[in-house]
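A.B. asks: Here's a structure for you.
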Amino acid sequence: MKKNKLALALIISGLCAAGTAHAANDRYIIQVDNNKKGVVKALAKKLGGDIKVDGNGFIAAQFTGHDLASVKGLLNNPHIKLIEEDHKRVPMAVYNDDAGNAMQQQLTPYAVYQSQADQVTFDANAGMKVCVIDSGLDASNPDFVWGNITGDNDSGTGNWFDNGGPHGTHVAGTIGAADNNLGVVGMAPGVAMHIIKVFNAEGWGYSSDLAHAADLCSQAGANIISMSLGGGGSNSTESNAFANFTNAGGLVVAAAGNDGNSVRSYPAGYPSVMMVGANDANNQIADFSQFPSCTSGRGKNVTTDETICVEVTAGGVDTLSTYPAGMATAASLTADNTGYATSAMENSGNAAGTAYYMGTAESVDTAASGKVCMIDRGVISFYDKVANCENSGGIGAVIINNEAGMLYGTLGDTNNTNIPAVGAALEDRAALLASTNISINIGTSDYGYMSGTSMATPAVSGVAALVWSNHPQCTGTEIRAALKATAEDQGAAGHDVYFGHGIVKAAAADAYLTANGCAGGNNGGGTTPGGDEISLSTSGYKSKGVAYVDLSWNGAATSNVDIYRNGSKVTSVANNNSYTDTITAKGGGSYTYQVCEAQSTTVCSNNSTVAF
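In terms of the working numbering, the sequence shown is residues 10 to 621.
Structure below.
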């Protein structure tokens, strides 16, 4: 044994005299039996090795200035099984926000990359305008082209340019934050917006408010209505308001809802409104995103209509956007001068110092004094971890997630700690634990994160404005069809209730319209004959033995429309978006309906079938 130790010592002494060639980070993994690990660790430390990880069956150590070939001399020791380079790993999320501080530089949110909005140039001369019906837009945020923004006040809600909370400002930033080297950049940077503040001080409004707002949007010359809101129940007043906007050539976009169930929310559930779900940065559906069925009715009266369920999705999980001044909390994390994504937990302030790994920080450890504690999530609460760090003399805490993704959390209502604490992603764990110096900062910001289909909706609205600005001759219904036709399929193959057609892709939609024109190809997404001009839904029922079928449609441009049943024309009626057909035949049967523009057999709706 003494001979082996001496040989090992001589070999490592040779390392210390070796040339300057070295691996990128001078770190190596040494595989060793656990019962012999102490001997190898002691020798490695004695001969200049800095132990970084003490794992099960291995250690990781840094030998500054030495390459792998030199360190492999350790293999002469029988206790060591293998030595290999400790490769650097970086986060592998499909899309990421730019790293940095939005108060000091412009950052691009991940949803912009995910939706290809960075690959299409917004045409500011096309006259696009998005009407944002929400909680107002805070006039203090500098990340907007304020000369392009107008607004209206709803009764009792106050000035549209005074925030009613951060929601409306966050939504507007996702749509149109300016490309101005500051803060964030929106999907359609600098697009004209008309803001209508409909939420009262308690944070809610009524469907009548929305119906009135739709009219105000029209008067303001808006092309798109964006609504990150919703609720249960439908009514014809609200439905007709949005159908009228759509029939006039506009596009209405609304949120599917955040309860993670199959309940249909309104106004998103109206056929004239494009329902939007939320996905995350890894192209996975958000667990809160609602997924109503595309069918309605019961038994033999069931009908299918994809305009009453999720049609597309966009990034809506941990979305970075604009906030009213100072209302957000922002954090930054730097390890050995490299920035990493992070989230603020508690306690504003700064901390910079040597990193100290505290494991899960289940007890006081005086070795952490004067250092920034690196802590794994698990076993005890976040508060207890940070308290143990502070009681150890630690000056700041970084809690690393134990599952994929960023750690978001707080220290609870009874928090009495004082040191700044931030969360970090599991994907960055190895790099963070390998670092020597850590710097964290928590402070107020004009930019922050929110999650919800409320965040996905303005992303789709902004993408629609971006694409439409390059094809201004198209109608909103045609833009809607193009976004569906070119969405990236996710989830179950083909159309499904979670993603609809998939994640919106701006560059793909732009190319599609360039190649096919406004009418598109493959029926504008394969759902409606004749270029997806008219969308139809039907519902059948019986009363006193007589069968009735309610038809509801949008997208027809003529003053009258022709109603077809089972391929034969039934009647011509005024184009008021609804008609009730009476079935006089006795017994059951199946009836397929279609609505066409007057005297046309090509500009027609999808077929919709009712069975009795």
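For glycine and all other residues, C-beta sits at the position ideal for the given N, C-alpha and C.
The model shown is predicted, which means the values in this text are computed figures rather than measured ones.
State the DSSP-derived secondary structure class of H176, mapped to helix, strand or coil.
C.D. replies: Note: H176 maps to helix in three-state DSSP.
A.B. asks: In whole angstroms, give me the CA-to-CA distance for A187 and A468.
C.D. replies: In a straight line, the C-alpha of A187 is about 14 angstroms away from that of A468.
A.B. asks: Which residue comes first and which comes last in the beta strand (DSSP E) that contains H203?
C.D. replies: Start and end: 201-206.
A.B. asks: Along the beta strand (DSSP E) that carries N446, what are the first and last residues, could you check?
C.D. replies: First-last of the beta strand (DSSP E) with N446: 446-454.
A.B. asks: How about A433 and T369: do their beta carbons lie closer than 8 angstroms?
C.D. replies: In this structure, T369 does not lie closer than 8 angstroms to A433 by Cβ.
A.B. asks: In this structure, how does DSSP classify D541 when only helix, strand and coil are distinguished?
C.D. replies: Low confidence applies to D541: its pLDDT is 44, below 50, so where it sits in the model is not reliable enough to give any reading.
A.B. asks: Going along the chain, which residues of its own chain have a beta-carbon closer than 7 angstroms to the beta-carbon of K514, five neighbours each way excluded?
C.D. replies: Only S124, Q125, T495, A496, E497 meet the Cβ criterion.
A.B. asks: Note down, in chain order, each residue of its chain lying with its Cβ closer than 7 angstroms to the Cβ of N427, except the 5 sequence neighbours on either side.
C.D. replies: Counting only Cβ-Cβ distances below 7 angstroms, and skipping sequence neighbours, we find N356, E399.
A.B. asks: Rounding to the nearest angstrom, what Cα-Cα distance links Y349 and F391 in this structure?
C.D. replies: Taking the straight line from one Cα to the other gives about 20 angstroms.
A.B. asks: Along the alpha helix (DSSP H) that carries V393, what are the first and last residues, could you check?
C.D. replies: According to the sequence provided, residue 393 is Asp. The question's Val does not apply to it. Looking at the DSSP string, the run of the alpha helix (DSSP H) that includes D393 is 391-400.
A.B. asks: In whole angstroms, what separates the C-alpha of D289 from that of I449?
C.D. replies: The alpha-carbon atoms of D289 and I449 are separated by roughly 26 angstroms.
A.B. asks: What are the start and end residues of the alpha helix (DSSP H) that includes N249?
C.D. replies: Where N249 is concerned, the enclosing alpha helix (DSSP H) stretches over 245-256.
A.B. asks: Work out the CA separation of G212 and T523 for me, nearest whole Å.
C.D. replies: Rounded to the nearest angstrom, the two C-alpha atoms are 42 angstroms apart.
A.B. asks: A201 to G230, Cα distance in whole Å?
C.D. replies: C-alpha separation (whole angstroms): 10 angstroms.
A.B. asks: Give the straight-line distance between the Cα atoms of V48 and S401, rounded to the nearest whole angstrom.
C.D. replies: Each residue's Cα considered, the two are about 29 angstroms apart.
A.B. asks: What does W562 pair with, by DSSP beta-bridge criteria?
C.D. replies: DSSP lists L545 as partners of W562.
A.B. asks: Nearest by alpha-carbon distance to N86: which of A197, N110, A53, A323 is it?
C.D. replies: The shortest Cα separation from N86 among A197, N110, A53, A323 belongs to A53.
A.B. asks: Would K394 and I408 be called neighbours here (beta carbons separated by less than 8 angstroms)?
C.D. replies: In contact: K394 and I408 (Cβ atoms closer than 8 angstroms).
A.B. asks: Taking DSSP as the reference, what is the three-state secondary structure of R98?
C.D. replies: Any reading at R98 must be qualified, since the residue scores a pLDDT of 46, below 50, and its modelled position is unreliable; the value itself is stated next. In the structure shown, R98 sits in coil (DSSP, three-state: anything other than H, G, I, E or B).
A.B. asks: Below 8 angstroms between beta carbons: does that hold for G414 and L435?
C.D. replies: Yes, they are a contact pair.
A.B. asks: Suppose you measure from the CA of L225 to the CA of D519; what does that come to, to the nearest Å?
C.D. replies: If I take the Cα positions, the gap works out to 29 angstroms.
A.B. asks: Could you tell me which residues DSSP puts in a beta bridge with R574?
C.D. replies: Bridge partners of R574: S577, Y602.
A.B. asks: Considering only residues of the same chain and omitting the five flanking positions on each side of V272, which have a CB-CB separation below 8 angstroms?
C.D. replies: Closer than 8 angstroms at Cβ, skipping near neighbours: G241, G266, Q299, P301.
A.B. asks: Curious, which full-length beta strand (DSSP E) runs of at least 3 residues does the region 429-508 contain?
C.D. replies: Runs of the beta strand (DSSP E) inside the region 429-508: 430-433, 446-454, 456-459.
A.B. asks: Determine whether the beta carbon atoms of S546 and P280 lie at a separation below 8 angstroms.
C.D. replies: Yes.
A.B. asks: Taking the CB atoms as reference points, tell me whether A337 and T453 lie closer together than 8 angstroms.
C.D. replies: Cβ atoms of A337 and T453: closer than 8 angstroms.
A.B. asks: Suppose the cutoff is 8 angstroms on Cβ atoms and the five residues either side in sequence are ignored; what does the same chain contact list for S581 look like?
C.D. replies: Same-chain partners within the cutoff: N569, V570, D571, I572, A607.
A.B. asks: What separation, rounded to the nearest whole angstrom, lies between the Cα atoms of I294 and V321?
C.D. replies: Roughly 11 angstroms between the two C-alpha positions.
A.B. asks: Going straight from the alpha carbon of T178 to that of D385, what length do you get?
C.D. replies: Using only the alpha carbons, I get a separation of about 35 angstroms.
A.B. asks: Indicate the three-state DSSP secondary structure (helix, strand or coil) for Y122 in the structure shown.
C.D. replies: It is helical.
A.B. asks: On a CA-only basis, which of G173, M354, L442, S235 is nearest A465? Give me that one, please.
C.D. replies: It is S235 whose Cα lies nearest to the Cα of A465.
A.B. asks: If you compare alpha carbons, which of N425, A364, A439, V388 is closest to G403?
C.D. replies: The shortest Cα separation from G403 among N425, A364, A439, V388 belongs to A364.
A.B. asks: So the candidates are K380, I389, V381; which of them puts its Cα closest to the Cα of S372?
C.D. replies: Closest option to S372, Cα to Cα, is I389.
A.B. asks: Which whole-angstrom value is the C-beta distance of V619 and T591, which I expect to be below 8 angstroms?
C.D. replies: Incorrect: roughly 13 angstroms between the Cβ atoms, too far for contact.
A.B. asks: Would the beta-carbon of A264 fall within 8 angstroms of that of M354?
C.D. replies: No, the Cβ-Cβ distance between A264 and M354 is not below 8 angstroms.
A.B. asks: Just to confirm, are D95 and Y37 a CB contact at a threshold of 8 angstroms?
C.D. replies: Going by C-beta atoms, D95 is nearer than 8 angstroms to Y37.
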